[in-house]
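Peer 1: If you read the sequence shown in my numbering, its first letter stands for residue 559, the second for the next number, and so on. Beta carbons are placed, not taken as given, at the ideal position from N, Cα and C, and that holds for glycine. Dropping the structure in here first, questions after.
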Amino acid sequence: MKQYISNLGPLIEDFIEFKNALGIQYKTGAYYLKRLDLYNYEHGNLSIPNREVVERWANKHAEKSITGDRSWISPIREFGRYLNSLGYKDVYILDDRFTIQKYHAEVYLMSENEIKCFFKECDRFVLRYKSIGRPYVFPALYRFLYCCGARCAEARNLKCEDVHLDEGYVDILQSKAHRDRRLFLSDELIKYLKSYDKAISKCFPGRVYFFPGGHGGVCSSTAVSANFRNIWLAAGLKRDGKVKPRAYDFRHHFACANIMKWSVEGKNIYAMLSYLMRYMGHTTLESTYYYIHLIPDFFSKYEELTASTEGLIPEVETYEV
559 MKQYISNLGP
569 LIEDFIEFKN
579 ALGIQYKTGA
589 YYLKRLDLYN
599 YEHGNLSIPN
609 REVVERWANK
619 HAEKSITGDR
629 SWISPIREFG
639 RYLNSLGYKD
649 VYILDDRFTI
659 QKYHAEVYLM
669 SENEIKCFFK
679 ECDRFVLRYK
689 SIGRPYVFPA
699 LYRFLYCCGA
709 RCAEARNLKC
719 EDVHLDEGYV
729 DILQSKAHRD
739 RRLFLSDELI
749 KYLKSYDKAI
759 SKCFPGRVYF
769 FPGGHGGVCS
779 STAVSANFRN
789 IWLAAGLKRD
799 GKVKPRAYDF
809 RHHFACANIM
819 KWSVEGKNIY
829 AMLSYLMRYM
839 GHTTLESTYY
849 YIHLIPDFFS
859 KYEELTASTE
869 GLIPEVETYE
879 V
């Protein structure tokens, strides 16, 4: 059965092959392009996407969305630009009226006291429910997020074959923007994870994922979020309509804590940001500058640091950091 059925099919296939050749899986983009292909087949079956068909599809898709998320626009826009680069001058490219809108989660900077309370409660909380591996996985996963500033998805998808505790590092493969990087671990974390690995291996012999879910497979994002929230509340920490800490906030704390530490030590913040950028897996230094913008109330030298960088600190979306 053909994956694409309209006259746009061959061009879409070429475009996706182009993306794959760059090392990009592009599964989500392919999904939305398939939807456009079907719509085109039912509305004129054009060989080149024109304004009428593309905008009608975009408006129809926007009406079906119950959130402000417009991330589905990107593959449609990229497809148009790709065709234009090949010489198809009559192709229509979605204009700025279809701006991508993202959900803006409020960043919460945890205090050291809150973090201590969280982990103290975490080690108790996981014992309340009889679930294989649970007493080991979540305390270790959250400590990994806290100590390494990794993204939650990176921790959930971390495979045992990419964890090298004897050498003191883990490899994060095919992460955001399809970038790979190596995270070196502290001696304290290495010792903790070795003990964890020994215990969890008895629960799931031959497991694939370093932090497995309840059935030994990949740990779900819902489990990471829900358990964090429940542990936070059980610890008696504040969480209301305005304050909504998330597991992802460990990443923000990691960045801000390092910046403040370097400031106290008198190190060159700008030079150190390059290291932070690579460790956290940012694609540009501008994304790392976001954290200087984030902590004026916590950072005594904020004004001094930002005085010459007003134009460098962008309005970075939360999902970029």
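1. With DSSP collapsed to three states, give me the class of V665.
2. Applying the criterion that 16 or more other CB atoms from any shown protein chain within 10 Å of the CB defines a buried residue, is G799 buried or exposed?
3. May I have the straight-line CA-CA distance separating D738 from Y727, to the nearest angstrom?
4. Which residues in the same chain have their Cβ closer than 6 Å to the Cβ of A793, if we skip the five residues on either side of it in sequence?
5. Ignoring anything shorter than 4 residues or poking outside the segment 563–606, list the alpha helix (DSSP H) runs there in chain order.
6. I748: which of G775, C706 and S778 sits nearest, CA to CA?
7. D729 bridges to which residues according to DSSP?
8. So the candidates are R701, V782, I730 and D572; which of them puts its Cα closest to the Cα of E636?
9. Since F637 is in the alpha helix (DSSP H), which residue starts that stretch and which ends it?
10. Once the 5 residues before and after N603 are set aside, which same chain residues still bring their CB inside 6 Å of it?
11. For P770, which of helix, strand or coil comes out of DSSP?
12. Which class does K760 belong to by DSSP, given the choice of helix, strand or coil?
13. Taking the CB atoms as reference points, tell me whether V721 and F768 lie closer together than 8 Å.
14. By the 10 Å Cβ neighbour count, where 16 or more other Cβ atoms means buried, how is P568 classified, buried or exposed?
15. Between the alpha carbons of D595 and I634, how many angstroms are there, rounded?
16. With 16 as the cutoff for other CB atoms within 10 Å, does L743 come out buried or exposed?
17. Along the chain, where does the alpha helix (DSSP H) that runs through N608 open and close?
18. Excluding the five sequence neighbours on either side, which residues of its own chain have a C-beta within less than 6 Å of the C-beta of S605, listed in chain order?
19. Can you find the residues in the same chain that come closer than 8 Å, C-beta to C-beta, to P607, ignoring five residues on each side of it along the sequence?
20. Residues in the same chain with beta-carbon distance under 6 Å from E672, minus the five sequence neighbours each way, listed in chain order, please.
21. Does DSSP classify K688 as helix, strand or coil?
22. In three-state terms, what does DSSP make of H722?
23. For V695 and S669, what's the separation of their Cα atoms in angstroms?
24. What are the boundary residues of the alpha helix (DSSP H) that D807 is part of?
25. What did DSSP end up calling V782 once you bin it into helix, strand or coil?
26. By the three-class DSSP mapping on this structure, what secondary structure does K796 have?
27. For S783, which residues in the same chain have their Cβ closer than 7 Å to its Cβ, ignoring the five residues on either side in sequence?
Peer 2: To lay it out plainly:
1. Walking along the sequence shown from the start, residue 665 turns up at place 107. In the structure shown, V665 sits in coil (DSSP, three-state: anything other than H, G, I, E or B).
2. What you label residue 799 is simply residue 241 of the sequence shown in a count that begins at 1. Exposed: under 16 other Cβ atoms inside 10 Å.
3. Counted from its first residue, the sequence shown places residue 738 at position 180. Counted from its first residue, the sequence shown places residue 727 at position 169. D738 and Y727 have their C-alpha atoms spaced approximately 13 Å apart.
4. The residue you call residue 793 lines up with position 235 of the sequence shown. Only C675, F676 and E679 meet the Cβ criterion.
5. 567–579 and 585–600
6. The residue given as residue 748 occupies position 190 in the sequence shown. When G775, C706 and S778 are compared, the shortest CA-CA separation from I748 is found for C706.
7. Here residue 729 is taken as the residue at index 171 of the sequence shown, counted from 1. Paired residues: R740.
8. The residue given as residue 636 occupies position 78 in the sequence shown. Comparing Cα-Cα distances from E636 to each of R701, V782, I730 and D572, the minimum goes to D572.
9. Your numbering for residue 637 matches position 79 in the sequence shown. Start and end: I631 to S643.
10. Counting from 1 along the sequence shown, the entry for residue 603 is found at position 45. Closer than 6 Å at Cβ, skipping near neighbours: S564 and N565.
11. Residue numbering aside, residue 770 sits at position 212 when the sequence shown is read from its first letter. Reduced to three states, the DSSP call for P770 is strand.
12. Position 202 of the sequence shown, counting from 1, holds the residue named residue 760. Helix at K760.
13. The residue labelled residue 721 in the question sits at position 163 within the sequence shown. The residue labelled residue 768 in the question sits at position 210 within the sequence shown. It is a contact, given that the beta carbons lie within the stated cut-off.
14. For the purposes of this step, residue 568 is identified with residue 10 of the sequence shown, where counting begins at 1. It counts as exposed.
15. The residue given as residue 595 occupies position 37 in the sequence shown. The residue given as residue 634 occupies position 76 in the sequence shown. Whole-angstrom Cα-Cα distance: 11 Å.
16. Position 185 of the sequence shown, counting from 1, holds the residue named residue 743. Result: buried.
17. Taking the first residue of the sequence shown as position 1, residue 608 is located at position 50. Per DSSP, N608 belongs to no alpha helix (DSSP H) and is neither H nor E.
18. In the sequence shown, the residue the question calls residue 605 occupies position 47. Cβ neighbours of S605 beyond the five flanking positions: N565.
19. Translated into the one-based positions of the sequence shown, residue 607 becomes position 49. Cβ neighbours of P607 beyond the five flanking positions: L566, L594, N598, F637, G638, L641, V649 and Y650.
20. For this step, residue 672 is matched to residue 114 along the sequence shown. The answer, listed in chain order, is L795.
21. Numbered from its first residue, the sequence shown carries residue 688 at position 130. Coil at K688, not helix or strand.
22. Numbered from 1 along the sequence shown, position 164 holds the residue referred to as residue 722. Reduced to three states, the DSSP call for H722 is strand.
23. Reading the sequence shown from its first residue, position 137 is the one you call residue 695. Reading the sequence shown from its first residue, position 111 is the one you call residue 669. C-alpha separation (whole angstroms): 24 Å.
24. Locating residue 807 in the sequence shown gives position 249, counting from the first residue. First-last of the alpha helix (DSSP H) with D807: D807 to V822.
25. Counting from one through the sequence shown, the residue named residue 782 turns up at place 224. Of the three classes helix, strand and coil, the one that applies to V782 here is helix, per DSSP.
26. As a first step, residue 796 is located in the sequence shown; it is residue number 238 there, counting from the start. Coil at K796, not helix or strand.
27. Here residue 783 is taken as the residue at index 225 of the sequence shown, counted from 1. Excluding residues within five positions, the ones whose Cβ falls inside 7 Å are R804 and A805.
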